[in-house]
Amino acid sequence: MPYSPDRVVVYEIEARSADEPGAADWPGPPPASFLAPSTGRRSIACGELMADPAEVVYQAALENPGARWIVDGATRVLAVNSLPLPGDCS
29 MPYSPDRVVV YEIEARSADE PGAADWPGPP PASFLAPSTG RRSIACGELM
79 ADPAEVVYQA ALENPGARWI VDGATRVLAV NSLPLPGDCS
């Protein structure tokens, strides 16, 4: 059975080019429901997912290495990383 974390952190990164299409539909909850603006990081926003949403998003991210997702018809860059230790994305 492949590794599936209980928690993941999702970083939204500014897209370099708006012309590059998303590779896949975002499989998780609406980003607005868990992302918060980042401070002191290169990302625009970040947030954590736990349990089933974390597992689903992590497995989908393994198949989408470019981190470009289609969210509500728009391309967004959402990088997903496992978060095995306590911490936050602020």
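Numbering (our numbering) for the sequence shown: 29 to 118. Backbone N, C-alpha and C fix where the C-beta goes; we use that ideal spot for every residue, glycine too.
Excluding the 5 residues preceding and the 5 following residue i in the sequence, name in chain order all residues of the same chain whose CB lies nearer than 6 Å to its CB.
| i | result |
| --- | --- |
| E83 | S32 |
| P65 | A73 |
Looking only at its own chain, which residues have a Cβ that is under 8 Å from the Cβ of residue i, when we skip the five neighbours before and after it?
| i | result |
| --- | --- |
| Q87 | P30, S32 |
| A95 | I41, A89, V105, L106, A107, V108 |
Would DSSP call residue i helix, strand or coil?
| i | result |
| --- | --- |
| E42 | coil |
| A60 | helix |
| P112 | coil |
| P93 | coil |
Measure how close the beta-carbons of residue i and residue j come, nearest whole angstrom, since I'm counting them as under 8 Å.
| i | j | result |
| --- | --- | --- |
| P81 | G56 | 5 Å |
Who pairs with residue i in a beta bridge, going by DSSP?
| i | result |
| --- | --- |
| E76 | V37 |
| D53 | I98 |
| R104 | W97 |
For residue i, which option in the options has the closest C-alpha, if you only look at C-alpha atoms?
| i | options | result |
| --- | --- | --- |
| D34 | L77, E91, G101 | L77 |
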